[in-house]
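2 protein chains.
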Amino acid sequence: MPRLPFDPIAEAQRKWVEHGWTDASDGMAAVTSVMRAHQIVINRVDDVLRAFGLTFARYELLMLLHFSSRGSMPVKKASARLQVHSTSVTSAVDRLERDGLVRRVPNPTDGRGVLVELTDDGRALALRATEALNSEVFAVPPVPRERLGALLDALREMRREAGDFA
Amino acid sequence: MPRLPFDPIAEAQRKWVEHGWTDASDGMAAVTSVMRAHQIVINRVDDVLRAFGLTFARYELLMLLHFSSRGSMPVKKASARLQVHSTSVTSAVDRLERDGLVRRVPNPTDGRGVLVELTDDGRALALRATEALNSEVFAVPPVPRERLGALLDALREMRREAGDFA
DNA sequence: TCACGGTAGGTGGACGTCCACCTAAAGTCA
DNA sequence: TGACTTTAGGTGGACGTCCACCTACCGTGA
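Protein chains in written order, with the numbering used here: chain V, 427 to 592; chain S, 427 to 592.
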């Protein structure tokens, strides 16, 4: 990826103001910046997880199961906690099951549902991946430490306003 | 999507600290927050663009061409400006061309390349979509106005450190 | 008890992103 | 000038996300 001689988002913002869309220019910049930030962090994370045959989506599901009291939960509950559609969880479970990291078991209390259950291999891999992620990515945040608080605060507000949590 | 009674990212952060991964907990929260923020903003944007048969990726390409002096540019240049792989641009061009919003023309100065050229329909649609996006999304940023500056600053730092621009 | 609306989960498909690989045309350098 | 390297762009495929639709089961109310 080439390094540009200028900030492309600042450039777009300039165009917005030029066209008289000043009151929308910050919002445009915010949306575009979040898009690019997502790309940056997911690439950093997936670079590390590739060595473990994982992606961030699948890693998150493994850790959610790891932290759950029984090591298993219904697809629906995982979907709510990870805040993605059930079908995204289904897709992750398919691949994790293929690799022997989780298994599907019938839900004893609901004949419609299945429980996704962490296997021993899955738990071990999740912990090894966490060690790598912690040291190679999370301990070296993608933003200077002194800005991290403001970033987390702003994004928490965004998530709250989007109705993620009470 | 159900509203959770608690912030799932704060909950994950608590688990991280419990496990002694304190120095990585903020980074983990930052990465996860950016992921979720991306989902929130892209859903808001695509909700509006759906009425125009567009997605944000294709909209961005249309606007890039609209702002360019000739209304056309090589795939490679669009890829650098949008900061996505060339193949992502190829894919967007395929769909925009299918819908008559851009056309591919041979690059007169490079026999290997093609120029992506905005059609009149493409330009008109981009402007109508911009009107809708400005009023329905960008003018109502996904974060309180008073936090917007801090968010933009933090994300600009992230992009700079990732090597996006000088 | 039983009919019916609601819910859990899966399927198939569209889309954007990336990667590995390919072809053809430039560019380079002896 | 000619052989080698680099570059532009496309293909095919993996993956995650969403949506529309489907099936099977649950729970509720008459």
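Ideal placement from N, C-alpha and C gives every residue a C-beta, glycine not left out.
Spatial neighbours of residue i in its chain, beta-carbon cut-off 7 Å, leaving aside the 5 residues before and after
i	result
residue 549(S)	492
residue 590(S)	509
residue 543(S)	497, 498, 528, 529 and 531
residue 563(V)	470, 471 and 474
residue 505(S)	511, 512 and 515
residue 466(S)	568
residue 468(V)	482
residue 535(S)	none
Helix, strand or coil at residue i according to DSSP, with G and I counted as helix
i	result
residue 461(S)	helix
residue 432(V)	coil
residue 499(S)	strand
residue 548(V)	helix
residue 553(S)	helix
residue 569(V)	coil
residue 494(V)	coil
residue 481(V)	coil
residue 509(S)	coil
residue 520(V)	helix
residue 525(V)	coil
residue 676(S)	This structure does not reach residue 676(S), given that chain S is present from 427 up to 592, and the question cannot be answered.
residue 575(V)	helix
residue 447(V)	coil
Spatial distance of residue i from residue j (CA atoms)
i	j	result
residue 452(S)	residue 537(S)	50 Å
residue 515(V)	residue 522(V)	10 Å
residue 480(V)	residue 490(S)	35 Å
residue 495(V)	residue 587(S)	39 Å
residue 568(S)	residue 431(S)	21 Å
residue 437(V)	residue 592(S)	13 Å
residue 551(V)	residue 433(S)	26 Å
residue 376(S)	residue 585(S)	Nothing can be reported for residue 376(S), as the shown portion of chain S is limited to 427 through 592.
residue 560(S)	residue 517(S)	26 Å
residue 519(S)	residue 445(V)	25 Å
residue 503(V)	residue 427(S)	11 Å
residue 478(S)	residue 555(V)	42 Å
residue 547(S)	residue 488(S)	11 Å
residue 507(V)	residue 545(V)	20 Å
residue 583(V)	residue 429(S)	14 Å
residue 464(V)	residue 464(S)	6 Å
Own chain partners of residue i with C-beta closer than 8 Å, once the 5 adjacent residues on each side are dropped
i	result
residue 435(V)	455, 458, 459 and 462
residue 510(S)	483
residue 533(V)	500, 539, 540 and 541
residue 443(S)	451
residue 448(V)	442
DSSP bridge partner residues for residue i (one or two, in chain order)
i	result
residue 532(V)	540(V)
residue 591(S)	430(V)
Cβ shell of residue i (< 6 Å), same chain only, five flanking positions each side left out
i	result
residue 553(S)	none
residue 439(V)	451 and 455
residue 558(S)	474
residue 476(V)	none
Any non-hydrogen atom of the ligand PLP closer than 7 Å to residue i Cβ
i	result
residue 441(V)	The model depicted lacks the ligand PLP and carries no ligand whatsoever.
> Given 8 Å as the limit, is there contact between the segment 515 to 534 of chain V and the segment 479 to 493 of chain V, that is, 3 or more CB pairs closer than that?
Replying inline: Below 8 Å, enough C-beta pairs join the segment 515 to 534 of chain V and the segment 479 to 493 of chain V to call them touching: three or more.
> Can we say the segment 572 to 585 of chain V touches the segment 565 to 580 of chain S, given the rule of at least three CB pairs closer than 8 Å?
Replying inline: Under the Cβ criterion (8 Å, minimum of three pairs), the segment 572 to 585 of chain V counts as touching the segment 565 to 580 of chain S.
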